[in-house]
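Chemist: Here it is: the structure, laid out below.
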Amino acid sequence: MKNKIIADMFDEMASMLSIDETASSRFEVNAYKKAALTLATLQEPIEEVYANGGIEALMGLPGVGKGLAGKIEEFLKTGRIEKYDLLKKKYPIDFKSLTLIEGLGPKKIVALYRALGVKDLESLKKAIESHKIRSLPGFGEKSEDVLRKGMELLSTSKGRMLLGDALPVAESIVKKLLESGMVEKAMIAGSTRRMRETVGDLDILAISKRGKEVMDFFSSIDDVESIIVKGDTKTTVWLNIGLSCDLRVIKPESFGAALQYFTGNKEHNIKVRKIAIKKGYKLNEYGIFDKRGKILPFTGEESIYKKLDMQYMPPEMREDRGEVELSLEHKIPKLIELSDIRGDLHTHTKETDGANTIEEMADAAMALKREYFATTNHTKSLRIARGMNENQFREFFKHVDKLNDALQGRIKILKGAEMDILKDGSLDLDESLLKEMDCVLGAVHSAFNMNEEEMTNRIIKALDSGRIHILAHPTGRVINGREAYPLNLEKVLEAAERNNVIMEINAFPNRLDLSDTNIMLASKYKVLFSIGTDAHRTSHMQFMRYGVGTARRGWLQKKRIVNALPLTDLQKLFSR
DNA sequence: GCCGTTTTCGGCCCGACTGTTTTCAGTCG
């Protein structure tokens, strides 16, 4: 797949063109950036797009016209882009690494290159250490400092952080702001509000008349390690968890517009703004304005969309994946909500690698108002997790039966397993035991190094056994950990469809597997979904919200989520 | 360089903050 290579080349060309006199305008630079983004987020290999539809298909991609389609074609045919090579000859600079440094853009990079020969992180480091930057025109002592800090930050930064790590911190900061008594309202915005699986920074909005004081308070809370920028309306700090956090103080009448503006991703916002312009308005983070520049009296986020004749859509959808068009047609689906969830079909106990007893898990589930949950311990092949054999499961289930009796229907514990799908696609437990179980998850935990065909066939064989209710964490990816195993998901989905196998949306924060985009793919098939927490301790049962968020990002409705069903309906479904 | 319900020219999202300036350029989101 050459998408990323070409996207990076276009991004670099944008950097070079932004300081090169041969560029026709800054809009040409933007065109390269836009096309780079299209390529970087394209799901299908660009070489396939080209093979199937030629240059016309390339020109069908957003932001790709005749010129850039020609350059993509040139690269696919020759492995080179002449214009790229020409520019690169002029600017032999590693823009990709250097632009990662906060405060360093193309113009400053080229200024440093021309004056000091800075062309990569290594030579930038030397230039900083030799204190030559401070005497350059346009630079000073402070900018040298900023670059030094930027380099340090880059080397210690862990990149994007798991939503599951970032959201609780964001919530605690909002709480502190509210408790300070200085703000009337505070809310999380940005990718955290969209429940994106990882976040690059936190965005928090607050209403207050005392901007300066709020910023003083914010920059002194104990989560803050250092202050990056500080103004009366916007302050950015570096948090001790290794993430930056923006706080914006907004006037009450602008809060809805600000929330709208700082929630959608960039592409969503640009589309919405363009719709505003077409209707004769101007939309920015302060409000919606008429032709004479007068602010219209809309305070809520919903009323902004309404004024544009758009249907309100949940934050999780605002990724420019077709929701703007649906909204204009007033066809936004009603998405699954956390309150729709009645049970949890993926949990472990201390009998294998869990931390808590089944009694403790039941108490935790009841505290969360679950009507049922499945206990699904690992099976014997997974030795590292002390997987259980048939006899151990039978003993454990006797205990579960007694507990169910004692609970007197306050909650129902379903007897299940997270059974290994072995290397050859066979199952890790006897059929007779599987028949006794309420809920069988199938999962791959070993031999990840197969090729795509082998792995696909392995899983299909297991699904065709007819003994698996749910395929757990279907792609095996671990966010910031390991790639998904090679898999033809479409073929697996076909097998799931014909065997009535439910696809799991694993809610564990570093899994979220299926992912949002894979859910969108899967929802085109006649399959149902189960959102399971994979809880290994009682507190993990609260991960459900991340699974629900991911399902919402995949536009799923309640009717497709099996653990939103009442118990009797679920049992009917499982007994099929 | 892209794009079209003001279509093949003339627009292209828009404002805050910082540092180095003395009115603004560069960068970011």
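Residues 2 to 577 (my numbering) are what the first sequence spells out, left to right. Quick reminder that beta carbons are idealized off the backbone N, C-alpha and C, glycines included. For clarity, every value in this text was computed on a predicted model and none was experimentally measured.
Among R81, G80, E103 and K109, which one has its Cα closest to the Cα of I94?
Modeler: Measuring from the Cα of I94, the nearest candidate turns out to be K109.
Chemist: Which runs of the alpha helix (DSSP H), 4 residues or longer, sit entirely within the region 393-437?
Modeler: 432-437, all fully within the region 393-437.
Chemist: Comparing C-alpha positions only, which one of R384, I134 and M362 sits nearest to L408?
Modeler: Per the Cα distances, M362.
Chemist: Starting from I289, follow its DSSP beta bridges and name the residues at the other end.
Modeler: Partner(s): L284.
Chemist: Would you give the residue range spanned by the alpha helix (DSSP H) that E185 belongs to?
Modeler: Taken as a continuous stretch (DSSP letters only), E185 belongs to no alpha helix (DSSP H), as it is neither H nor E.
Chemist: Would you say K275 and D321 are within 8 Å of each other, going by their C-beta atoms?
Modeler: No; because the gap between Cβ atoms is not below 8 Å, this pair is not in contact.
Chemist: For G550, which residues of its own chain have a beta-carbon under 7 Å away from its beta-carbon, when the five flanking residues on both sides are left out?
Modeler: Taken in chain order, the residues that qualify are M196 and E317.
Chemist: Can you tell me which of the three DSSP states M389 falls into?
Modeler: Correct three-state label for M389: strand.
Chemist: DSSP three-state label for N500, please.
Modeler: N500 falls in the helix class under three-state DSSP.
Chemist: Assuming the contact rule is C-beta atoms closer than 8 Å, L178 and L244 should be a hit. Round their C-beta distance to whole Å, please.
Modeler: Wrong, their Cβ atoms sit about 17 Å apart, outside the cutoff.
Chemist: Between the C-alpha atoms of N481 and N511, what's the straight-line distance to the nearest angstrom?
Modeler: Cα to Cα, N481 sits roughly 7 Å from N511.
Chemist: Could you tell me the alpha carbon to alpha carbon distance between H398 and M438, rounded to whole angstroms?
Modeler: It should be pointed out that residue 398 corresponds to Phe in this sequence rather than to His. Distance between the alpha carbons of F398 and M438: 9 Å.
Chemist: Cα separation between M389 and A356?
Modeler: When rounded, the distance between both Cα atoms is 15 Å.
Chemist: What's the call for G359, buried or exposed, on a 16-neighbour Cβ count within 10 Å?
Modeler: Residue identity check: residue 359 is Ile in the sequence provided, not Gly. Classification of I359: buried, given that the 10 Å Cβ count is 16 or more.
Chemist: Using 8 Å for Cβ pairs, my map puts F219 next to T234. What's the rounded Cβ distance?
Modeler: That belief does not hold up - the Cβ atoms of F219 and T234 are roughly 12 Å apart, past 8 Å.
Chemist: Rounded to the nearest angstrom, what separates S136 and A128 at their Cα positions?
Modeler: Looking at the two C-alpha atoms, the distance is approximately 11 Å.
Chemist: Among the candidates E29, S98 and G344, whose CA atom is the shortest distance from the CA of D9?
Modeler: Selected option, being the one with the closest Cα: S98.
Chemist: So, helix, strand or coil for G344, using DSSP?
Modeler: Strand at G344.
Chemist: Can you tell me whether K109 is helix, strand or coil according to DSSP?
Modeler: DSSP places K109 in helix when its eight states are reduced to three.
Chemist: Do you know offhand how far A366's Cα is from V111's?
Modeler: Roughly 58 Å separates the two Cα atoms.
Chemist: Here's the rule: buried if 16 or more other CB atoms are within 10 angstroms of the residue's CB, otherwise exposed. What is I506?
Modeler: I506 comes out buried.
Chemist: Going by DSSP, what residues sit across from K235 in a beta bridge?
Modeler: Note: K235 sits in a beta bridge opposite R249.
Chemist: Considering only the beta carbon of each residue, do V14 and Y33 sit closer than 8 Å?
Modeler: In the sequence under discussion, the amino acid at residue 14 is Met, which differs from the Val named in the question. Cβ atoms of M14 and Y33: closer than 8 Å.
Chemist: Give the DSSP-derived three-state secondary structure of V230 in the structure shown.
Modeler: Here V230 sits in strand by DSSP.
Chemist: Check H349 in the structure and name its three-state DSSP category.
Modeler: Looking at H349 - three-state DSSP - the assignment turns out to be coil, as it is neither helix nor strand.
Chemist: Around the Cβ of E338, are there at least 16 other Cβ atoms within 10 angstroms (buried) or fewer (exposed)?
Modeler: E338 comes out exposed.
Chemist: Below 8 Å between beta carbons: does that hold for T300 and G265?
Modeler: Not closer than 8 Å, so no.
Chemist: Using the C-alpha atoms, what's the distance from Y547 back to D517?
Modeler: Those two C-alpha atoms are separated by around 11 Å.
Chemist: Once DSSP output is grouped into helix, strand and coil, what is the label at G54?
Modeler: Looking at G54 - three-state DSSP - the assignment turns out to be helix.
Chemist: According to DSSP, is F256 part of a helix, a strand, or is it coil?
Modeler: Helix.
Chemist: Let's see if you can read the secondary structure: which residues bound the alpha helix (DSSP H) around L522?
Modeler: Its alpha helix (DSSP H) spans residues D517 to A523.
Chemist: Leaving aside the five residues before and after K416 along the sequence, list all residues of the same chain whose C-beta is less than 7 Å from its C-beta, in chain order.
Modeler: Correct list, in chain order: T376, F398, V401, M438 and D439.
Chemist: Compare the C-alpha of Y282 against each of K308, F263, N270 and A259 and name the closest.
Modeler: That would be K308, whose Cα lies nearest to the Cα of Y282.
Chemist: Tell me, please, which residues DSSP counts as bridged to L206.
Modeler: Beta-bridge pairing links L206 to M188 and R249.
Chemist: Considering only DSSP beta bridges, list what R483 is partnered with.
Modeler: Partner(s): V479.
Chemist: What span of residues does the beta strand (DSSP E) with S531 cover, start to end?
Modeler: Here the beta strand (DSSP E) through S531 covers F530 to G533.
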